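Heads up: the structure comes next, in structure tokens.
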Amino acid sequence: MRICLFMATLDQQLIGAIEHYRQQHDLPWQLQVIDRKEAFTQVHDVDGILLGSYAPLPSWWSRRRVPCVRWRGIPEPGVTVVYWDDAAIGRLAARHFREQGFRYVATVSKPLYAGFGGFREAATAAGLTFLRFDPTAGDADHGVGRLITWLRAAPHPLGIFCHQDRPALWLLELCREHGVRVPDEIGVLGVDDLEISAVSMPPLSSIQIPSSAIGMAMAIHLHRLLSGASAPSDPVPITPTRVSVRKSTMRDTGDAVIDRLCNYLASKPAAAHSGPALAKRAGLSLPQLHRRFRKALGLTPAEQIRRYRLRLAQDLLADTDQTVAAIGRRCGLGGTVGLWRLFRAAGLPSPDRWRAMTRGVPDDDHHRTDSVAIPFPAQPHIGTAGWEPPAPGPADGVEGAEPEVASFI
118 MRICLFMATL DQQLIGAIEH YRQQHDLPWQ LQVIDRKEAF TQVHDVDGIL LGSYAPLPSW
178 WSRRRVPCVR WRGIPEPGVT VVYWDDAAIG RLAARHFREQ GFRYVATVSK PLYAGFGGFR
238 EAATAAGLTF LRFDPTAGDA DHGVGRLITW LRAAPHPLGI FCHQDRPALW LLELCREHGV
298 RVPDEIGVLG VDDLEISAVS MPPLSSIQIP SSAIGMAMAI HLHRLLSGAS APSDPVPITP
358 TRVSVRKSTM RDTGDAVIDR LCNYLASKPA AAHSGPALAK RAGLSLPQLH RRFRKALGLT
418 PAEQIRRYRL RLAQDLLADT DQTVAAIGRR CGLGGTVGLW RLFRAAGLPS PDRWRAMTRG
478 VPDDDHHRTD SVAIPFPAQP HIGTAGWEPP APGPADGVEG AEPEVASFI
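Sequential numbering from 118 applies to the sequence shown in this note's numbering.
Printed below as a string of structure tokens:
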């Protein structure tokens, strides 16, 4: 069975994910990868087509409608279109700024990107004040000067969401040239998680858009079409789940004692921390510890510990094939039940569903997640419907009530 993949720019992670899915399910696919339009127009004898971003269908397809999956593009009958959910990207950006302690957020790009709507709505719902700088207003020749003046006059700390890493990197450079402090005054968040973002000055926080998840989703939907399913009439969204958190949004709290304590908690998220022990470590009474945490972070110590445990759990779910129960235990949550409660309290899908989302597995296929191994090397990263928690059993060890966190409450 010949499958043709046409992409103007080849992506090895995406191709690797498709090949991994083929091997995982023992499919008789022979993948033919083409990156030149001239060669693609000569392809005829194929059983399925995978198209890159906005790539055109071959002229013969209207006569012989073989199963086809396209990454982004205009929907048309018989073609499954998958795409990143821009509104969900915006919501993830708003969540990140709130977690990093920003009270004001903004966009500085042209208001065409669909993710800005989700960002604005989520930020407003979270109690953040939304601002927007419109670069199209006024004299274009003075746009940079207007932007710098606006950044200096805006309330701080201000988190700025850019729709891609490249404008975010440009903004970082602009702030550095004009003495605007990042992240103390301005926090900057991009989208794409390009390799250069990790070595910029300062390193750029960015929402991950893993091409491996795109490849996995395309392979799954092509498999469905080849098995006789009809192409959905609406595009199929892939929901982003993670932020690579770097210095561009990692604000100090302004309280050196709390900053040191947070660094300690971040290094030992699964440990059995107690309120009295942390207060002693900080040289404070327990009431003082609570007040200082509230003032610096707007959180209790227990809430901050849960945040660090959530990050650890997300890293393990995305980058390993450990079971949910094992990850719950590694995060100091007792097992499956404790981990499920942590995700539910954070307003996230179940751990199983969240893992599936990181790998591009459609919602109705999430029960198959355990059989879908990671199609790319694990890398270090910082950053409810339809599932009910099982009754705890012997495999969970303990019931999952987080006794060490409950001691703060």
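Ideal Cβ placement from N, Cα and C applies to all residues, glycine included. Small disclaimer: the values here were computed from a predicted structure and weren't measured.
For V222, the closest of Y230, G207, L209 and T246 by C-alpha to C-alpha distance is T246. The residues R119, in chain order, have a CB closer than 6 Å to that of Q147 in the same chain once the five nearest residues on each side in sequence are set aside. For Q129, the secondary structure class from DSSP, reduced to helix, strand or coil, is helix. Within the DSSP secondary-structure output, C185 pairs in a beta bridge with I166 and V196. Beta-bridge partners assigned by DSSP to T224: R249 and F278.
According to DSSP, S365 shares a beta bridge with no other residue. With fewer than 16 other Cβ atoms from the protein chains shown falling within 10 Å of its own Cβ, G415 counts as exposed.
Cβ-Cβ separation between P466 and W457: approximately 10 Å, too far for a contact (criterion under 8 Å).
Q147 is bridged by DSSP to R119. Bounds of any beta strand (DSSP E) do not take in D203; it lies within the alpha helix (DSSP H) bounded by D203 to E216. By the Cβ test, the segment 351-360 is in contact with the segment 200-208, since at least three Cβ pairs between them sit closer than 8 Å.
Taking C-beta separations shorter than 6 Å and ignoring five residues to either side along the sequence, the partners of A172 in its chain run F123, following chain order. Under the DSSP assignment, L268 falls in the alpha helix (DSSP H) whose first and last residues are G260 to A270. Inter-segment contact for the segment 343-350 and the segment 312-320 is absent: fewer than three beta-carbon pairs are separated by less than 8 Å. The beta carbons of I331 and L131 sit closer together than 8 Å.
Straight-line measurement puts the Cα of G307 at about 11 Å from the Cα of I326.
The C-beta of L127 has fewer than 16 other C-beta atoms within 10 Å across all chains shown, which makes the residue exposed. The DSSP-derived three-state label of I444 is helix. Considering only R408, R426, S384 and L321, the residue with the shortest C-alpha distance to M367 is L321. A contact is defined here as three or more CB-CB pairs under 8 Å, and the segment 185-197 fails this definition with respect to the segment 211-220. Cβ contact annotation for E302 (same chain, cutoff 6 Å, sequence separation greater than five): H273, in chain order. Here DSSP, grouped into helix, strand and coil, assigns S350 to coil.
DSSP, read as helix, strand or coil, puts L406 in helix. In this structure, the CA atom of L339 is about 17 Å from the CA atom of D162.
DSSP places L306 inside the beta strand (DSSP E), whose first and last residues are I303 to D309. The C-beta distance from V299 to R269 rounds to 13 Å, too long to meet the 8 Å contact threshold.
Per DSSP, reduced to three states, the secondary structure at V360 is strand.
A direct Cα-Cα distance of roughly 14 Å separates L288 from I313. The Cβ neighbour count for I191, taken over all protein chains shown within 10 Å, is under 16; the residue is labelled exposed.
Secondary structure note for S323: its beta strand (DSSP E) is the uninterrupted segment S322 to Q325. In the displayed model, I191 falls within coil according to three-state DSSP, outside both helix and strand. If the five residues before and after G304 are omitted, its C-beta is found closer than 8 Å to the C-beta atoms of F214, Q217, F219, P274, L275, G276, I277, S322, S365, T366 and R368, all from its own chain and listed in chain order.
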